[in-house]
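Scroll down for the structure; my scribbles are underneath it.
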């Protein structure tokens, strides 16, 4: 396969945090090194047409899957595309945009893993899987603040989309290399203190990263979280999700800044050993209303995913054994 750019997929239902996760990874790797696109731009119909047809944006028939496939092929090969633009504010389409791929390409959206052709374009596939109650809360917050809906309209839309979510969005989790799940403690309302589970599939093997994480977990086992009642802020385990084995890193939401900085330094050093400099200044940021807050578990998730992207880029740039022979 002709491959010049590294493609990261970030898939999940509406309001699972795809754009927030993407933004932090772009900041880490540097905007000059990353092209980010959203597959919402490949909708076939505008908002009025979808309502008339009785179809949701989550349904594959409502999206130009074939054009999406071709554009991902082009981006992967380093070729520019003329990308459509869907405007969530107006519910209609804006003029297309000329997109030239950078070294890394992030593709976020609803249906990125829907077909084999789409899945085969990605070097790293991430699926975001928050609890449904939390996702609905985020959806109401976002769509009332940014898209002009009432809470009642958002909840009604969620109910109308549920069948398509179940049929087309959630099943894509089984194709992910990395599953990220932010979740609250009981009755928790502070998004900055959400816990995180990062599931790493054997499909993305990395003994060096696993070894470093295990060392850090061991060091932190007697280092309780801030306000964490003695609970270790990091824990590593093995689990099966959808019948597939995953190495799961649990990050307690009460992990403090000093602990996070230690982890960032260790993981950052591992990445720098691959001759890549990171920008740690704006990692873990998210917006809630008019406030910009920081989540340490989010920062660490962005850092782990960035590591896998950089690791994949080395596989592309490394010469093959045949090319090194005289």
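Residue numbers (this note's numbering): 645 to 970. By construction, the Cβ of each residue, glycine as well, lies at the ideal position given by its N, Cα and C atoms.
| Query | Result |
| --- | --- |
| Please report how far the alpha carbon of residue 809 lies from the alpha carbon of residue 698, in whole angstroms. | 15 Å |
| Residue 962 to residue 850, Cα distance in whole Å? | Because the pLDDT at residue 962 is just 46, under 50, the model does not fix this residue reliably, and the value given afterwards should be weighed accordingly. Approximately 17 Å, taken between the alpha carbons. |
| Could you work out which residue in 909, 769, 746 and 667 is closest to residue 843 when comparing CA atoms only? | 769 |
| Quick check on the burial criterion: 16 or more other C-beta atoms within 10 angstroms. Buried or exposed for residue 953? | buried |
| Where are the beta strand (DSSP E) runs, 3 residues long or more, that stay fully inside the region 735–812, in chain order? | 736–743, 748–753 and 768–772 |
| Keeping to the same chain, check which residues put their C-beta closer than 7 Å to that of residue 757; ignore five residues upstream and five downstream. | 653, 655, 763, 769, 816 and 819 |
| For the region 839–921, which segments carrying the alpha helix (DSSP H) assignment without a break, of at least 4 residues, lie completely within its bounds, in sequence order? | 851–864 and 901–916 |
| What does DSSP give as the partner residue(s) for residue 653 in the beta ladder? | 751 and 769 |
| Return the first residue and the last residue of the alpha helix (DSSP H) that residue 671 is part of. | 662–673 |
| Evaluate the contact criterion for the region 938–958 versus the region 884–904: three or more CB pairs, one atom per stretch, below 8 Å. | yes |
| When we look at the beta-carbon of residue 969 and count the other beta-carbons within 10 Å, is it buried (16 or more) or exposed? | Confidence is the limiting factor: at residue 969 the pLDDT is only 37, short of 50, which leaves the residue's position unreliable, though a coordinate-based value still follows. Exposed is the call here. |
| Tell me which same chain residues have a C-beta within less than 8 Å of the C-beta of residue 738, skipping the five on either side of it? | 729, 730 and 731 |
| Checking 8 Å against the spacing of the C-beta atoms, do residue 743 and residue 727 come in under that value? | yes |
| For residue 828, name the three-state secondary structure that DSSP assigns. | coil |
| Quick one: residues in its chain with C-beta nearer than 7 Å to the C-beta of residue 734, no 5 flanking neighbours on either side, listed in chain order? | none |
| Determine the extent of the alpha helix (DSSP H) in which residue 681 is found, giving its start and end residues. | No alpha helix (DSSP H) contains residue 681, which is instead part of the beta strand (DSSP E) from 678–682. |
| Between residue 933 and residue 838, which are expected to be in contact by the criterion C-beta below 8 Å, what is the C-beta distance as a whole number of angstroms? | The pair is not a contact, with the Cβ atoms about 16 Å apart (cut-off 8 Å). |
| Can you round the beta-carbon distance between residue 716 and residue 751 to whole angstroms, since I take them to be within the 8 Å contact cut? | 7 Å |
| Residue 927 by DSSP, collapsed to three states: which one? | coil |
| Take every Cβ of the region 668–675, pair it with every Cβ of the region 786–795, and state whether three or more of those distances are shorter than 8 Å. | no |
| Would you kindly work out how many angstroms separate the C-alpha atoms of residue 651 and residue 721, rounded to a whole number? | 10 Å |
| If you compare alpha carbons, which of 911, 936, 927 and 939 is closest to residue 955? | 911 |
| Quick one, are the C-beta atoms of residue 829 and residue 658 less than 8 Å apart? | no |
| Let me check one thing: in DSSP terms, what residues is residue 937 bridge-paired to? | 930 |
| Which runs of the alpha helix (DSSP H) at least 4 residues long sit entirely within the region 690–723? Give them in chain order. | 691–697 and 709–720 |
| Would you list the residues sitting across from residue 731 in a DSSP beta bridge? | 736 |
| Could you pull out every residue in the same chain whose Cβ sits closer than 6 Å to the Cβ of residue 736, ignoring the five residues on either side in sequence? | 690 |
| Rounded to a whole number of angstroms, what is the C-alpha to C-alpha distance between residue 958 and residue 949? | 15 Å |
| Mind checking residue 841: buried by the 16 CB within 10 Å criterion, or exposed? | buried |
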